[in-house]
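Report on the following structure.
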Amino acid sequence: MSFTSDIKAEICQVKLDDNEAKAQLCALLQSKGSLHMNWQGSYISVQMENAGIIKHIYTLIKRLYKIEGRLSVLKKMQLKKNNMYRLQIYESCTEILNDLGILTASGLHSSPIYKWIRSEKNARAYLQGCFLGSGSINSPKTTNYHLEMSASHEKQAYGIQKILERFYLPAKVIERKNVYVIYIKQGDKIADFLRLCNATSGLFLFEDNRIQRDFYNQLTRLDNCEVANEMKTFKAAKEQLACIQILEDHARQLQIPEKILQVMEIRKKHPEASINELCDEAYREYGEIISKSGMKHRLSKIKTMAKAWRSEDEEVDS
Numbered sequence: 001m002s003f004t005s006d007i008k009a010e011i012c013q014v015k016l017d018d019n020e021a022k023a024q025l026c027a028l029l030q031s032k033g034s035l036h037m038n039w040q041g042s043y044i045s046v047q048m049e050n051a052g053i054i055k056h057i058y059t060l061i062k063r064l065y066k067i068e069g070r071l072s073v074l075k076k077m078q079l080k081k082n083n084m085y086r087l088q089i090y091e092s093c094t095e096i097l098n099d100l101g102i103l104t105a106s107g108l109h110s111s112p113i114y115k116w117i118r119s120e121k122n123a124r125a126y127l128q129g130c131f132l133g134s135g136s137i138n139s140p141k142t143t144n145y146h147l148e149m150s151a152s153h154e155k156q157a158y159g160i161q162k163i164l165e166r167f168y169l170p171a172k173v174i175e176r177k178n179v180y181v182i183y184i185k186q187g188d189k190i191a192d193f194l195r196l197c198n199a200t201s202g203l204f205l206f207e208d209n210r211i212q213r214d215f216y217n218q219l220t221r222l223d224n225c226e227v228a229n230e231m232k233t234f235k236a237a238k239e240q241l242a243c244i245q246i247l248e249d250h251a252r253q254l255q256i257p258e259k260i261l262q263v264m265e266i267r268k269k270h271p272e273a274s275i276n277e278l279c280d281e282a283y284r285e286y287g288e289i290i291s292k293s294g295m296k297h298r299l300s301k302i303k304t305m306a307k308a309w310r311s312e313d314e315e316v317d318s
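Just so we're aligned: 105 in UniProt numbering is position 105 of the sequence shown, and the numbers increase by one with no gaps anywhere.
Here is the structure:
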């Protein structure tokens, strides 16, 4: 099973009171249900690849309205295609839709029904239904975090977005192939959504993987930073050694201060040392305490003195 399937299976096990159950059922029928008419009258049809959710919808309808539905399996002829599971409700379907607020005198309502999202607990149940019907979450082991739910109607999509914002879950809406997609990409907000849906086991798994990945990413960044610093130190040391060589080539023509000579000797002995390490070596060799800025100043002085002689050498060569 996928991570999304595990989350949905866990949500189906959450205990609901009657109002929460109706809010969740309302969202499920709005996202996956359809109303049909035939010679016998009207009936509700819900069709999905997830047998567990179809069974869950059947259980909710039977519990709330004491009505039996008709379950069937549609076999697909294409290879590697999942079966489709269909639930059909022939009895009292108009009364069910009226009770849920989906069907009124003005027609079918696709946007969230106010009486099912007015209270916080019912709004949670409604979001659970939206996710069960059309939601998915990338596995936390993948390279990016992504949660999305889809809606066939623009009003429903932006209605779901507003409910999410009530719980401080900033979601965006885009249109994709005539379907409106509501999505969240922040890992911490996806974790909050799982907490909102009472998917405790899924939340623990998601957070565990997220923490591990963030920890390893941080280690990688630190390693990269350390390598970059080492390369920078190596490049600077190489340039300093070249400058020291120029000064030594012109030693007879120069009066180099003793403190500069000491730094030159330390750098030659320790060509890969950092500034701090050079300060430590200066103390060991000469008993002098040099600050980091002091060492930088002396190395800069070596570079300045060598630059003057390098320019003269270039003029002579030319």
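Cβ atoms here follow ideal geometry from the backbone N, Cα and C, with glycine treated the same way. Computed from a prediction, not measured in an experiment: that's the story for all the values here.
Under DSSP, the beta strand (DSSP E) around residue i begins and ends at which residues?
i           : result
S45         : G41 to M48
R252        : Where R252 is concerned, there is no enclosing beta strand (DSSP E), given that its DSSP letter is neither H nor E.
A151        : L147 to A151
G133        : Segment E120 to S134 is the alpha helix (DSSP H) holding G133; no beta strand (DSSP E) there.
L87         : M84 to I89
Y180        : V179 to I184
residue 357 : Given that the chain is displayed from residue 1 to residue 318, the structure contains no residue 357 and the question cannot be resolved.
V73         : R70 to L74
Grab the span of the alpha helix (DSSP H) containing residue i for me, first residue to last.
i    : result
Q30  : D18 to K32
A282 : I275 to Y286
Q156 : E154 to R166
G187 : G187 to L196
K15  : From DSSP, K15 is part of no alpha helix (DSSP H); its letter is neither H nor E.
A51  : A51 to Y65
K269 : E258 to K269
L100 : C93 to L100
K115 : Y114 to I117
Do you know whose CA, among the options, lies nearest residue i's CA?
i    : options                   : result
K172 : R166, V179, A157 and N178 : A157
G69  : I266, K55, S34 and I89    : I89
V14  : G101, R298, E285 and L194 : L194
S131 : I266, I289, C26 and E175  : The sequence given here has Phe at residue 131, not Ser. The option with the nearest alpha carbon to F131 is C26.
A236 : I260, L64, I246 and R267  : R267
E239 : K185, A21, P271 and S72   : P271
R86  : I67, K62 and I54          : I54
K141 : Y286, A308 and T4         : T4
S291 : Y126, E285, E277 and T304 : E277
L16  : H56, Y145 and K75         : H56
Q262 : G101, G287 and R252       : G287
G187 : F206, K232, Y283 and S45  : F206
A123 : K301, Y145, K162 and E91  : K162
I117 : S45, N19, W39 and Q212    : N19
A51  : L254, L108, S152 and M84  : M84
E49  : N224, N138 and V73        : V73
K155 : H109, K296 and Y58        : H109
S300 : I244, K8, F204 and Y65    : I244
T233 : T304, S274, V46 and T59   : S274
Q47  : W39, Q40, K177 and Y58    : Y58
K303 : S111, I256, N138 and A282 : I256
M305 : E265, D280 and I260       : I260
K177 : G159, K121, H153 and A199 : H153
R284 : K269, S293 and H297       : K269
L60  : L203, A125 and N138       : A125
Leaving out five residues on either side along the sequence, give the residues of the same chain with a beta carbon under 7 Å from the beta carbon of residue i.
i    : result
E315 : Confidence is the limiting factor: at E315 the pLDDT is only 46, short of 50, which leaves the residue's position unreliable, though a coordinate-based value still follows. Taken in chain order, the list of residues that qualify is empty.
G133 : A27, L28, S31 and K32
K75  : N83
K115 : G101
Grab me the residues of residue i's own chain with a C-beta within less than 6 Å of its C-beta, minus the 5 sequence neighbours each way, in chain order.
i    : result
G135 : M149
Q128 : I11, Q24 and C197
L97  : L103
V181 : E148, S150 and I174
W309 : I246 and H250
E91  : I67
V179 : S150
I160 : C130 and I182
R210 : P140 and G187
For residue i, which residues of its own chain have a beta-carbon under 8 Å away from its beta-carbon, when the five flanking residues on both sides are left out?
i    : result
T94  : S42 and L103
S318 : At S318 the pLDDT is 41, less than 50, meaning the model places this residue with poor confidence and gives no usable figure here.
P170 : L164, I184, Q186 and K189
D192 : F167, Y168 and L169
S201 : D6 and E10
State the beta-bridge partners of residue i as determined by DSSP.
i    : result
K38  : What sits at residue 38 in the sequence shown is Asn, not Lys. According to DSSP, which records beta bridges pairwise, N38 is partnered with G41.
G202 : Answer is none; G202 lacks a bridge partner.
G107 : T104
I137 : L147
Is residue i near the ligand NAP, in the sense that its beta carbon is under 7 Å from a heavy atom of that ligand?
i    : result
T142 : Summarising the ligand content, the structure contains no ligands, and the ligand NAP is consequently not present.
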